[in-house]
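Report on the structure given below.
Protein chains: 2
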Amino acid sequence: MNRSKRYNIKDVAKKADVSISTVSHALNDTRYVKAETKSKIKKVAEQLNYRPSTIATGLRRKTLKTIAVFVANIESQFFAKVLKGINRVALTNDYHTIMVNTFYDQIEEEKVVEKLKNQFIDGAVFVSGFDNKGCIQKLSQDRFPFVLVARKISRGFPSILVDNFKALREAVCYLYGLGHRDIGYLTMDYRGRKTVSERFEGYMQGLKDIGISYNPEKVLIGGSRMIDEMEEGYLVCMKQFGGKKVPKALIAATDNLAAGAYTALKEIGLRIPGDVSVIGFDNLPLSKFLDPPLSTVKQPKEEMGACAMNMLLDLMEGNEIKNKWVLLDTKIIERGSVSEVKNRG
Amino acid sequence: MNRSKRYNIKDVAKKADVSISTVSHALNDTRYVKAETKSKIKKVAEQLNYRPSTIATGLRRKTLKTIAVFVANIESQFFAKVLKGINRVALTNDYHTIMVNTFYDQIEEEKVVEKLKNQFIDGAVFVSGFDNKGCIQKLSQDRFPFVLVARKISRGFPSILVDNFKALREAVCYLYGLGHRDIGYLTMDYRGRKTVSERFEGYMQGLKDIGISYNPEKVLIGGSRMIDEMEEGYLVCMKQFGGKKVPKALIAATDNLAAGAYTALKEIGLRIPGDVSVIGFDNLPLSKFLDPPLSTVKQPKEEMGACAMNMLLDLMEGNEIKNKWVLLDTKIIERGSVSEVKNRG
DNA sequence: TTGAAAGCGCTACCAC
DNA sequence: GTGGTAGCGCTTTCAA
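Those sequence lines, one after another, are chains U and Z. Per our numbering, the very first residue in the first sequence carries number 826; after that it's consecutive. Per our numbering, the very first residue in the second sequence carries number 826; after that it's consecutive.
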């Protein structure tokens, strides 16, 4: 037995004894149809379990009402949260979402973009990952609607961001305010990712602000295989802290890295925050369940996603965008992983 | 300035001075075209930056080579991992993936299914969530290709599963083998979710196996708002363990619940595994970074996803499925959250 | 070796 | 109030 036959508009028209245009109009409320006729058409459509073909409609309308979201690694709760925000406003606006997991692969990203651009999708949002400027520039030249989230390239491109530089600078000052003078920094490889490198620069600026000279020995830089950030954070810490002096405070570029650092520090025999204070970045759902609960710099992830989708909606409708460069606020969330230093040096 | 004009097959044909059928054949290698003509066509196509319209092709071919994945909550690493497996084999088979986050909402799920079925998608995979038998049954009657992952309804539906009953039974026996006699169970609301309720039944059977009578006071059941499982695990534990006696061992129906339990137990002042042994279910990436690293029952999540997508591919091609009921193996991963009991009662 | 044209299932313009 | 039909951009059959 085959899949039950799909009926089309012609079948409905025939059965209801009207023309297909009347069927179309009746079902779409796109012009007046006599109540009687209309209800008959609706009944027939119901009977036949008729559903208009999305593809045919798409061909006519030149849109499938679908957008693509490019994420570097679906496993991170950061992406999941942003996705959630995007999805929520997409759904209420009757848009579908295609998810593309790029695994931090710029070539792959560009390839999929090429493929999807062929009138399949109406727009795209890129969440974090490598800057991939070439790909984005090409998209922009094609006048293809897109929004960048947590990915900074230039003011010319619609972007939803936080001020990473400022946020990290503030984090340093926050620690300073608690008496910390010995502040290390843990980051993943930041090459090709301006949002990440700006965190690093913010760290250095913060150091300058508080009059402490930058010491490269206190900076831990992970590899570029960022698929398992926690693992990466763990490995880098184990490697660099083996034997060497561990700073009294550690700022991690992401909560995931911080989680890895937790494990390493404990394995080395250090207490958090007794021996080392740790502060993360992102405020992931899991962070408050770490032991101790992780103090962190919050990014408004869902809001960033929702904001991006709203902007994309405008872009796709050809509306004028008043402000294509949105900076949302970060906030330091104080939990248990940072302690005050009593005997200030 | 408008988006740069999209050229279509007609434009290419005109510019290359051939018919559109020749263009189509040349570009698709679907019949012989003189080498000279072919190269000319390709050059012109290149020049015009021609990309065949996916929608038009889709209308002809009656497929967009797209599947939908329904997940209950994208934030959980369980779903992320399965999604990754699906995505990997989808991509190598030239399929796109639409992601639908249902937020554990059965009505929403059904609505989206209805919408997407309209020839937009060729198949679907449902990952966990509520059983939603009605929706699935309808799909089956329509002969629409789909696969269930970690969602058990009946043998009639293509499913990728683990033996949850057996896995939990084994977990109980594992604890017994280490000397445990006082074993509690933490689960989310399992109504409408057979895979979850079978874990519970496995727990009870395990108890029977080792000759211990079931004590409902040792069972903690969370609410049905499962959006934040960790939070749920935390809250239920705090509520039920406040004052009352805490079992010496606790099995959690998921790692996320276990993570929440960790926080609660510590807050109560209990040590893991000194005072309470904890074992989870799923083996999420984050679980080894908990403190102590969580012992757990591993589900092969990515493999489940990949397996599902392969089966779906077969289904969509109308192939005969030899085995539409795949049971993958679980495995107990021993880490630091379970201790041996010395003075066995 | 190639071209003409039907037709996928719809929407919307033009008639009446 | 409703019907006829062109046409969205492609694939594929038939014909030459």
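Ideal Cβ placement from N, Cα and C applies to all residues, glycine included. As the structure is a computational prediction, the values presented were derived from the model and not from experiment.
List the residues of chain Z whose Cβ lies closer than 7 Å to the Cβ of residue i, in chain order.
i                      : result
residue 912 of chain U : 926
residue 921 of chain U : 923
Within the same chain, show all residues whose beta-carbon is closer than 6 Å to that of residue i, passing over the 5 residues directly before and after it, in chain order.
i                       : result
residue 834 of chain U  : 845 and 848
residue 869 of chain Z  : 837, 840 and 841
residue 826 of chain Z  : Note that residue 826 of chain Z has pLDDT 31, beneath the 50 cutoff, so the model's placement of it is unreliable and the number below is only indicative. Taken in chain order, the list of residues that qualify is empty.
residue 933 of chain U  : 927
residue 1035 of chain U : 1001
residue 1162 of chain U : 1097, 1098, 1103, 1117, 1119 and 1120
residue 1074 of chain Z : 1000, 1005, 1008 and 1102
residue 1229 of chain Z : No information on residue 1229 of chain Z is available, as it lies outside the stretch 826 to 1170 that chain Z covers here.
residue 1063 of chain Z : 1089
residue 1171 of chain Z : This structure does not reach residue 1171 of chain Z, given that chain Z is present from 826 up to 1170, and the question cannot be answered.
residue 1157 of chain Z : 999 and 1122
residue 1061 of chain U : 1045 and 1047
residue 884 of chain Z  : none
Short of 7 Å in beta carbon distance, which residues of its chain neighbour residue i, apart from the five on each side in sequence? Order them along the chain.
i                       : result
residue 1170 of chain Z : In this prediction, residue 1170 of chain Z scores a pLDDT of 47, lower than 50, which makes its location untrustworthy; the coordinate-derived value is nonetheless stated afterwards. Once the five neighbours on either side are set aside, the close Cβ partners of residue 1170 of chain Z are 1006.
residue 853 of chain Z  : none
residue 1015 of chain Z : 1021, 1022 and 1025
residue 843 of chain Z  : 862 and 866
residue 1159 of chain Z : 1120
residue 991 of chain Z  : 1027
Closer than 8 Å by C-beta to residue i: which residues in its own chain qualify, once you throw out the five before and the five after it? Chain order, please.
i                       : result
residue 1111 of chain Z : 902, 1080 and 1084
residue 1153 of chain U : 985, 986, 987, 1124, 1125, 1128, 1129 and 1132
residue 1164 of chain Z : 1003, 1098, 1099 and 1102
residue 895 of chain U  : 925, 927, 934, 937, 938, 949, 950, 951, 952 and 954
residue 960 of chain Z  : 931, 934, 935 and 938
residue 1038 of chain U : 1032
Closer than 9 Å by beta-carbon distance: list the chain U residues that pair up with residue i, in chain order.
i                       : result
residue 1023 of chain Z : Here the premise fails: no neighbours, minimum Cβ distance about 27 Å.
residue 945 of chain Z  : 878, 879, 880, 883, 889, 891 and 921
By the criterion of Cβ-Cβ separation under 9 Å, what are the contact partners of residue i in chain Z?
i                       : result
residue 1055 of chain U : 1110, 1111, 1113 and 1114
For a contact meaning CB atoms closer than 8 Å, what does residue i contact in chain Z?
i                      : result
residue 942 of chain U : 876
Worksheet entry | Under 8 Å (Cβ pairs) to chain U, residues found in the region 1065-1096 of chain Z | Hits within the stretch, in order: 1084, 1085, 1087, 1088 and 1091.
Worksheet item: When the Cβ atoms of the region 1157-1169 of chain Z are set against those of the region 1024-1044 of chain Z, are three or more pairs found closer than 8 Å?
Response: As far as the Cβ criterion goes, the region 1157-1169 of chain Z does not touch the region 1024-1044 of chain Z, which means the pair count is below three.
Item to complete: Please determine if the region 959-979 of chain U and the region 1087-1097 of chain U are in contact, where contact requires at least 3 C-beta pairs separated by less than 8 Å.
Response: Contact fails: fewer than three Cβ-Cβ distances are below 8 Å.
Worksheet entry | Contact residues within the region 1111-1124 of chain Z, judged by C-beta distance below 7 Å to chain U | Cβ contacts with chain U come from 1111, 1114 and 1116.
Worksheet item: Do the region 1149-1162 of chain U and the region 978-986 of chain U make contact, defined as three or more Cβ pairs closer than 8 Å?
Response: Cβ pair count under 8 Å is three or more, so yes.
Worksheet item: With contact counted as at least three CB pairs below 8 Å, one residue from each stretch, are the region 935-950 of chain U and the region 888-900 of chain U in contact?
Response: With the cut-off at 8 Å, the region 935-950 of chain U and the region 888-900 of chain U touch.
Worksheet item: Hey, which unbroken runs of the alpha helix (DSSP H) at 4 residues or more fall wholly within the region 1024-1067 of chain Z?
Response: Scanning the region 1024-1067 of chain Z from its first residue to its last, the whole alpha helix (DSSP H) runs of 4-plus residues come out as 1054-1066.
Worksheet item: Of all the alpha helix (DSSP H) runs that stay within the bounds of the region 828-856 of chain Z, which reach a length of 4 or more residues?
Response: Fully enclosed alpha helix (DSSP H) runs of 4 or longer: 834-841 and 845-853.
Discussion item. Quick check for students: name the residue ranges of the beta strand (DSSP E) that lie wholly in the region 948-999 of chain U, counting only runs of 3 or more.
Written reply: 948-952, 971-974 and 984-987, all fully within the region 948-999 of chain U.
Discussion item. Under 9 Å, CB to CB, which of the residues in the region 969-987 of chain U have a partner in chain Z?
Written reply: The residues in question are 969 and 970.
Worksheet item: Quick one, which residues of the region 880-913 of chain Z are near chain U if we go by CB-CB under 9 Å, in chain order?
Response: Listed in sequence order: 880, 881, 882, 883, 884, 887, 888, 889, 891, 893, 894, 898, 899, 900, 901, 902, 904, 905, 906, 908, 909, 912 and 913.
Item to complete: List in chain order: all unbroken beta strand (DSSP E) runs of 3+ residues lying wholly within the region 921-949 of chain Z.
Response: Runs of the beta strand (DSSP E) inside the region 921-949 of chain Z: 921-926.
Worksheet item: At which residue ranges does the region 1090-1156 of chain Z contain complete beta strand (DSSP E) runs of 3 or more residues, listed in the order of the chain?
Response: The region 1090-1156 of chain Z contains these whole beta strand (DSSP E) runs: 1102-1107, 1120-1123 and 1150-1153.
Worksheet item: Does the region 1114-1133 of chain U touch the region 902-911 of chain U, meaning 3 or more C-beta pairs lie closer than 8 Å?
Response: The region 902-911 of chain U vs the region 1114-1133 of chain U: in contact.
Discussion item. Can you confirm whether the region 910-919 of chain U touches the region 908-922 of chain Z when touching is taken to mean that 3 or more C-beta pairs between the two stretches lie within less than 8 Å?
Written reply: Output reads no: the region 910-919 of chain U does not touch the region 908-922 of chain Z.
Practice prompt. Could I get the ranges of all uninterrupted beta strand (DSSP E) runs contained in the region 891-925 of chain U, with 3 residues as the minimum, in chain order?
Written response: Within the region 891-925 of chain U, the runs of beta strand (DSSP E) at least 3 residues long that lie entirely inside it are, in chain order, 891-896.
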